Amino acid sequence: MVNPREFAPFRNVSQVAYVTTDYDRALAMFAERYDVSEWLHMPEGDFAISDEESARLRIALAYVGDLQLELIQPCGGSDTVYRSPLPDSGFAVRFHHIAQLMETESQLAAARSAAEAAGVPIAMHGTSGEGMVRYFYTDHREELGHFIEHIWYAPDIRSFFDQVPRN
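Mind the numbering: the sequence shown is residues 1 to 167 in the UniProt record's numbering, read in order.
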C-alpha cells in the first residue's frame with residue numbers, strides 16, 4: 001500500500017516556484033511588492049523534461065528565510081509544462097509548483113515508484129548538473145491546482161545553494 005503522506009504538499013517543502021511571461025518585470029514586481037530584490041540569476045539554458053526532450057528556461061533563485069523561491073520564464077523547446085498556466089498574451093506571474101527535497105537518491109527513486117504505484121501522473125522528469133541533480137514532477141493540478149517537484153541534490157552540489165541570496 002502506498003503511503004498517502006508521500007505526496008502531501010505540506011511535507012518537506014523546500015521551494016515555492018512561479019512561472020512568468022516576463023522575467024525582468026516579474027523580478028521588479030517581487031522586489032517592489034514583496035521585498036525580494038536579491039536573486040541568483042542562472043544563465044538561460046535547456047533543462048530536461050524527459051529522456052528525449054528539454055525546455056529552454058530563464059531561472060532566478062532567492063531565499064526568504066529558509067524557503068527558496070524560484071522564478072521561471074519558459075523560453076522555448078518543450079516548455080508546455082511551464083507555459084501552460086500562463087496566458088497567451090500580457091504580463092503574468094502564476095504559481096507553478098512546490099518542491100520537496102529528498103535527502104537521498106534512493107528516497108527519490110522510492111517516491112517515484114510510489115507515485116507510479118498510486119497512479120499519480122508523472123508530468124516530467126530529468127537530471128541536470130551532469131547528474132548531480134535529479135527530479136520529477138507529479139501532477140496534482142486536478143486536485144490542488146499545481147505540480148509537486150520531487151528533487152535530490154548530490155552532496156557535492158549542495159554548496160551551490162550557499163550563493164543564493166537571502167532576503
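Ideal Cβ positions, reconstructed from N, Cα and C, are used throughout, including at glycine.
Computed from a predicted model, the values in this text were never measured in an experiment.
Beta-carbon proximity check, residue i vs residue j, cutoff 8 Å
{"i": "Val-164", "j": "Ala-62", "result": "yes"}
{"i": "Ala-55", "j": "Ser-78", "result": "yes"}
{"i": "Thr-20", "j": "Val-93", "result": "yes"}
{"i": "Val-16", "j": "Leu-67", "result": "yes"}
{"i": "Arg-58", "j": "Tyr-23", "result": "yes"}
{"i": "Ser-50", "j": "Gly-126", "result": "yes"}
{"i": "Ser-159", "j": "Phe-47", "result": "no"}
{"i": "His-150", "j": "Leu-108", "result": "yes"}
{"i": "Ala-26", "j": "Leu-40", "result": "no"}
{"i": "residue 190", "j": "Asn-167", "result": "Here the chain comprises residues numbered 1 to 167, so residue 190 is not present and cannot be evaluated."}
Residue i, DSSP secondary structure in three states
{"i": "Val-16", "result": "strand"}
{"i": "Ile-151", "result": "strand"}
{"i": "Met-1", "result": "Bear in mind that the predicted position of Met-1 carries a pLDDT of just 47, short of 50, making it unreliable; the figure below should be weighed with that in mind. If DSSP states are grouped into helix, strand and coil, Met-1 belongs with coil."}
{"i": "Leu-40", "result": "strand"}
{"i": "Ser-106", "result": "helix"}
{"i": "Glu-70", "result": "strand"}
{"i": "Ile-157", "result": "helix"}
{"i": "Leu-101", "result": "strand"}
Expected contact under 8 Å - CB spacing of residue i and residue j to nearest Å
{"i": "Tyr-18", "j": "Phe-95", "result": "6 Å"}
{"i": "Ile-98", "j": "Ile-148", "result": "6 Å"}
{"i": "Leu-101", "j": "Asn-12", "result": "6 Å"}
Close-in-space but distant-in-sequence residues of the same chain around residue i (CB under 7 Å, 5 per side omitted)
{"i": "Met-1", "result": "For Met-1, the predicted model reports a pLDDT of 47, less than 50, meaning its position is unreliable and no value from the coordinates is stated."}
{"i": "Ile-157", "result": "Gly-129, Met-132, Val-133"}
{"i": "Val-64", "result": "Val-36, Asn-167"}
Close Cβ partners of residue i (< 6 Å) along its chain, the five nearest in sequence each way excluded
{"i": "Phe-30", "result": "Val-36"}
{"i": "Glu-105", "result": "Trp-152"}
{"i": "Arg-83", "result": "Pro-74"}
{"i": "Ala-154", "result": "Met-132"}
Close beta carbons around residue i, own chain, < 8 Å, minus the five adjacent residues each side
{"i": "Glu-53", "result": "Gly-77, Ser-78"}
{"i": "Met-42", "result": "Arg-58, Ile-59, Ala-60, Leu-61"}
C-beta neighbour in chain C for residue i, strict 8 Å
{"i": "Leu-67", "result": "The structure shown contains no chain C; it holds only a single protein chain."}
Heavy atom of the ligand FMN within 7 Å of residue i beta-carbon
{"i": "Tyr-82", "result": "Among the components modelled here there is no ligand, and therefore nothing to report on the ligand FMN."}
Cβ pair count under 8 Å reaching 3, the region 115-122 against the region 138-150: yes
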